[in-house]
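Report on the structure given below.
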Amino acid sequence: MGLNTPFQFQSMRSLIALHNCHFREVEAGWSYQLHEHSGYELLHCAYGQINEWIHGESVLLHPGDWLFIGPGVKHSTINESSQPFAYFSVHFSMDDEELTNALKELHFAHLSGGEERRLQPMFAALFDQLRENNSVQPDRERGQITIDGFASVARQTFMLTVQQLVINAIGLVLVARDKEHVRQQPGRKKLQAAEVELAHGIQQKLLDAVYTPMTINEIAQQYFISRSHCNEVFKRVYGIAPKQYLSIMKQRAAEELLLHSDASAGEIAEKLGFTSLSSFSRQFRRWTAASPQQFRK
645 MGLNTPFQFQ SMRSLIALHN CHFREVEAGW SYQLHEHSGY ELLHCAYGQI
695 NEWIHGESVL LHPGDWLFIG PGVKHSTINE SSQPFAYFSV HFSMDDEELT
745 NALKELHFAH LSGGEERRLQ PMFAALFDQL RENNSVQPDR ERGQITIDGF
795 ASVARQTFML TVQQLVINAI GLVLVARDKE HVRQQPGRKK LQAAEVELAH
845 GIQQKLLDAV YTPMTINEIA QQYFISRSHC NEVFKRVYGI APKQYLSIMK
895 QRAAEELLLH SDASAGEIAE KLGFTSLSSF SRQFRRWTAA SPQQFRK
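Start counting the sequence shown at 645; every next residue gets the next number (this note's numbering).
In structure tokens form, the structure reads like this:
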């Protein structure tokens, strides 16, 4: 194409509003409960692995992968990995009728396998800007870095870089819409609202059960359903059996207490609803291949 090729467009109007942009490093076993957003989300795995569950479907993100999630799509993070991971997330909304219509039937898009590499220079530029603007101070209460300390131009440049990242990701999503790793709502089996609500209620009961001896049978009885139906509904929405989910949450609580409290192993066993220290120690070895005392050292 020559430089003198005629080209023009009459007008273009597009507005992208950014919300809750953050980068976090989290410990092994970290999870986030079922939730949804009124806008879009762009999620990136910086290192480690992220297990994202979207309406019962597992999406495994490896380092460098990106995940685009549409508005109103219920999703959760339940990670069974023994390794920490780091993620970048930005939520956004668009005042662009054409783009909104193009994306309205999209459930999610997993960008991996090569095309996502175009986003890496922009992602790296964000961290370069953070390092260059050493006037930024950590938030003393939350231990996080914000861009509030940036000079006005630097702050605007940072936000424009995030917008550039989002716009380029949308472009990749649109190109990849018809590929196998993109799921669209019309062709998939939809979950009933009652199923999602029931599974969410079961999840809350499981979280409450972390510090009690409550069993899956007892939770099922509270909803007047069988254990098998409880298992089926929960796994359909979250992609994991309730017993396994409860075990992950208890392991996470046990590790937190061992590392960040002065409670003895016996006291922790009692807190988590175990009948004895020996039963807690056996279970902890199954989780980590170490005794509570070895893990604490």
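In this text, a Cβ means the ideal position worked out from N, Cα and C, and glycines have one as well.
query                                                                                                                                                                        : result
Is it the case that the segment 680 to 698 contacts the segment 734 to 744, given that we only count it when at least three CB pairs across the two stretches are under 8 Å? : yes
Check this for me: beta carbons of Tyr855 and Lys915, under 9 Å apart or not?                                                                                                : yes
Could you say if the segment 686 to 699 and the segment 878 to 897 meet the contact criterion of at least three C-beta pairs nearer than 8 Å?                                : yes
Hey, could you find the ends of the alpha helix (DSSP H) Ala820 is sitting in?                                                                                               : Ser796 to Ala820
Which value, in whole angstroms, describes the spacing of the CA atoms of Gly757 and Leu705?                                                                                 : 11 Å
Rank Gln865, Gln848, Ala933 and Ser908 by C-alpha distance to the C-alpha of Leu678 and give the top, closest one.                                                           : Gln848
How many whole angstroms separate the CB atoms of Ala946 and Pro936, which I take to be in contact at a CB cut-off of 8 Å?                                                   : The first residue shown for the chain is 645 and the last is 941, placing residue 946 beyond what the model contains.
So Gly692 and Ser726 are in contact, right, with Cβ under 8 Å, and what is the actual spacing, rounded?                                                                      : In fact, because the Cβ distance is near 10 Å, the residues do not count as touching under 8 Å.
Between Phe712 and Phe752, is the Cβ-Cβ spacing less than 9 Å?                                                                                                               : yes
Cutting at 7 Å between CB atoms, please list the residues of its own chain near Glu669, excluding the five before and the five after it.                                     : Pro728 and Ala730
Considering only residues of the same chain and omitting the five flanking positions on each side of Arg799, which have a CB-CB separation below 7 Å?                        : Ile791
Excluding the five sequence neighbours on either side, which residues of its own chain have a C-beta within less than 6 Å of the C-beta of Val877, listed in chain order?    : Glu839, Leu842 and Ala843
Among Asn875, Met803 and Gly917, whose alpha-carbon lies nearest the alpha-carbon of Cys665?                                                                                 : Met803
Report yes if the C-beta distance between Leu816 and Trp710 is below 9 Å; otherwise report no.                                                                               : yes
Near Arg762, which residues of its chain fall below 8 Å by C-beta distance, leaving aside the five closest residues on each side in sequence?                                : Asn812 and Leu816
By the three-class DSSP mapping on this structure, what secondary structure does Thr856 have?                                                                                : coil
Between Ile863 and Ala853, how many whole angstroms is the CB-CB distance? I'm expecting something under 8 Å.                                                                : 7 Å
Measure the alpha-carbon distance for Ile660 versus Gln807 and round it to whole angstroms.                                                                                  : 7 Å
Answer yes or no: do Leu809 and Met766 have a C-beta to C-beta separation smaller than 9 Å?                                                                                  : yes
Tell me whether Leu902 is buried or exposed, calling it buried when 16 or more other Cβ atoms sit within 10 Å of its Cβ.                                                     : buried
According to the neighbour-count rule (16 or more other Cβ atoms, all chains shown, within 10 Å of its Cβ), is Lys748 buried or exposed?                                     : exposed
According to the Cβ coordinates, are Gln895 and Thr932 closer than 9 Å?                                                                                                      : yes
Is Gly831 helix, strand or coil by DSSP?                                                                                                                                     : Residue placement at Gly831 is flagged as unreliable, the pLDDT there being 42, under the threshold of 50; the coordinate-derived value follows with that caveat. Three-state DSSP puts Gly831 in a helix.
Locate the beta strand (DSSP E) running through Tyr684, then write down its first and last residues.                                                                         : Tyr684 to Tyr691
Quick check on the burial criterion: 16 or more other C-beta atoms within 10 angstroms. Buried or exposed for Asn861?                                                        : exposed
Can you look up Glu669 in the DSSP assignment and give me helix, strand or coil?                                                                                             : strand
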